[in-house]
Amino acid sequence: MGKVIGIDLGTTNSVCAYMDRREPVVIINSEGGRVTPSVVGISKNGERFVGDIAKRQLLINPEATIHSIKRFMGRRYRDALSDCASVQYKVVETRNGDCGVEVGDRLYLPQEISAMILQKLRKSAEDFLGEQVTEAVITVPAYFTDRQRQATKDAGTIAGLNVLRIINEPTAAALAYVHDRKRSSTIAVYDFGGGTFDISLLEVDRDLAEVRATRGNNALGGADIDNKIVHWLLEEFYKEHGIDVSDDKVVLQRLRDAAERAKLELSAAYDTDIHLPFLLANASGPKHLQCTLTRATFESLAMPLFERTIEECRRAMEDSRMSPEDIDEVILVGGSSRIPMVQAMVQDLFKRPLNKSFNPDEVVAVGAAIQAGILEGDVKAVTLLDVTNFSLGIEVEGRRFAKLIPKNTTIPTQKTQLVSTVAENQRTVKIHVLQGESPDARDNVSLGDFELVGIPPAKRGEPRIHVKFAIDSNGIVHVSAKDSRSGVSGEITIEAPTGMTQSQIEELREEHETIHRRSTDSHEMKELRHQIEKQLVSLENFLRDNRGFLHKKDIFEIEQALKRGRMALLKSSDKTNLDDLSMYLARFFAHLADKTGGGDAPVH
Ligand code: AMP
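Spelled out as structure tokens, the structure:
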């Protein structure tokens, strides 16, 4: 088995790590960075760019640059409408009601976009480790539903990764803590990232990490804080110029960019100047935006968001019947936890100094790598007792929701429910499975309709069908059924619970692999052409500098070699041809070096 990597697939940034014997190591990407922006750019001819290079084109091509895709993973379009408004690219509803992204005339599923990010991380890991990587542990927010987890797993498969385990981000952070400290304590992991917020309370021992409670919000993160500043900037611009620019996509992207920069600065400074020249030009000339945002104004703008995180922390303590005094350590995770006011509020709530010894950007990936090490057998096993963060149940008469597995139940877990028919000779039973807390089924997240077909004809109420609901250690739901009376196992069909069938996933995996191979090939071709170009330039320089000392025959030979080289660069796209040419030029240089006594021959 090759190395198993741990991946924190973040809303804003992603990080990848592995275990080097017993120590977690963060993998450096091909740009030399420890974090890779979770941004994908798509060019007109369908070429993909991931990471820093894509982030750079966000301003100039916002409609074809996809960021924050995690917000749309495994979500129904109608549930994600407010998030659609916060991005510049086009989010559309797919045929089965999920979110899709339209770029040009191609529709991409969020799983595909995430797969592009995962593929980039995988490639970086392969370059870094010098071996093929095919297995991974991927983290998700604790508050991800079954559909979102399944979508993340599918993204891994499309990227050619066998996802051995999906673990919750705060649990991963707790693993990093256990690995580092090796002492028993009760910890709170406050995880405020780019797009999500989670709070988890865990009891950790030397070889056991047990989640006591988790709460969170999948639509509350740094991007929402940026939005508050963007609105303030729009108002400032309106006050000065009387123009509403909230519909201009390019202006909005510039404002968003400036807002995030201002926010980052305000974590260190007490005020920051925002200067956006030529934000807009109309008949009366160019319009600029120049203003100062103080930390106090920023804090008052974002306070409602900060308060929501604190409220979730209070509720998590209520859920686990804990008080601040029961908590020994508070670990901060996620970039937004760097905001001084956030830190002050968290410290105030838990009434203790915060543990800042972990890098909030990397601790989750480090925990994922530790989990990978445990699965590989390189790291002493730590038993992870995670919980399900939503109640699982079915829709019953009157559109009500009947809970079968309550939230905060330790996973893996399972529950069997006895169901029967309501009509004579009924051959099919349909079960609508949902996750959520509302007594009204319509307010919860639908996981799909599970249909049991082929029930032998019988009087109503006679068949005794045992439906087993199981949640595995990835937090993913499985449903199976058996008609115990007839002894026949019923057939369960799941109507594309994640919006993707196995064959679609397989098709996309193959497509992505082909594109990846093509882009690797094209990169190699570019390198080869560059090498030949360098050889030709050296040869030209050599000829220019030594023309007076060379024999006519040598000059002729050099000119022929140059001509042949230029022609091949112009016309040939055959790798073998170009390889041969590069070899020929190298040999030709050696031959010239022999003739001229070495020193003056062109370098190659
Ligand atoms: P993550 O999802 O953990 O990568 O967090 C990314 C989010 O953290 C983005 O919204 C960033 O703008 C935000 N962030 C990163 N560093 C800081 C900082 N020093 N102050 C405030 N927000 C930050």
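Our numbering applies: residue 1197 is where the sequence shown begins, and numbers increase by one.
Just so you know, even glycine gets a beta-carbon here, dropped at the ideal spot from N, CA and C.
Asked: Residues that Q1613 bridges to, as DSSP identifies them; Found: V1663
Asked: Assigned exposure category for T1468 - 16 Cβ within 10 Å defines buried; Found: buried
Asked: Under 7 Å between C-beta atoms of D1679 and I1661; Found: yes
Asked: Length of the line joining the Cα atoms of A1370 and G1671; Found: 17 Å
Asked: Residue of I1238, M1513, E1308 minimising C-alpha distance to Q1700; Found: E1308
Asked: Segment contact flag, the region 1329 to 1346 with the region 1371 to 1380, C-beta cutoff 8 Å, min 3 pairs; Found: no
Asked: Delimiting residues of the alpha helix (DSSP H) encompassing S1634; Found: Careful: S1634 lies outside any alpha helix (DSSP H) and carries neither H nor E.
Asked: Under the three-state DSSP convention, the category G1657 falls into; Found: coil
Asked: Whether A1623 touches I1590 by CB criterion (7 Å); Found: Per the sequence shown, residue 1623 should be read as Arg rather than Ala. No, they are not a contact pair.
Asked: Own chain residues within Cβ distance below 6 Å of V1592, not counting five before or after; Found: A1598
Asked: Under the three-state DSSP convention, the category S1587 falls into; Found: coil
Asked: Same chain only: Cβ atoms within 8 Å of A1692, ignoring 5 sequence neighbours per side; Found: Here A1692 scores only 48 on pLDDT, less than 50, and its place in the model is too uncertain to base an answer on.
Asked: Burial state of Q1344, where buried means 16 or more other Cβ atoms lie within 10 Å; Found: buried
Asked: Buried versus exposed call for V1575 [16 or more other C-beta atoms within 10 Å across all chains shown]; Found: buried
Asked: Residues that DSSP places opposite T1579 in a beta bridge; Found: L1404
Asked: Under the three-state DSSP convention, the category E1691 falls into; Found: With a pLDDT of 49 at E1691, under the threshold of 50, the predicted position of this residue should be treated as unreliable, though the coordinate-derived value follows. Three-state result, E1691: coil.
Asked: Straight-line gap, E1406 to D1582 (C-alpha atoms, nearest Å); Found: 6 Å
Asked: K1459: CB within 6 Å of a non-hydrogen atom of the ligand AMP; Found: yes
Asked: Among F1785, S1715, K1748, the one whose alpha carbon lies nearest that of N1737; Found: F1785
Asked: Cβ contact check for the region 1281 to 1288 and the region 1254 to 1272: 3 or more pairs under 8 Å; Found: yes
Asked: Assigned exposure category for M1763 - 16 Cβ within 10 Å defines buried; Found: exposed
Asked: Buried versus exposed, by CB contacts within 10 Å (16 or more), A1477; Found: exposed
Asked: Span separating the alpha-carbon of Q1486 from that of I1313; Found: 36 Å
Asked: Paired residues, beta bridge with I1334 - DSSP; Found: I1203, I1362
Asked: N1209 beta carbon near the ligand AMP (any heavy atom closer than 6 Å); Found: yes
Asked: Exposure of M1829, with buried meaning 16 or more beta-carbon neighbours within 10 Å; Found: Since the first residue shown for the chain is 1197 and the last is 1800, residue 1829 is missing from the structure and cannot be characterised.
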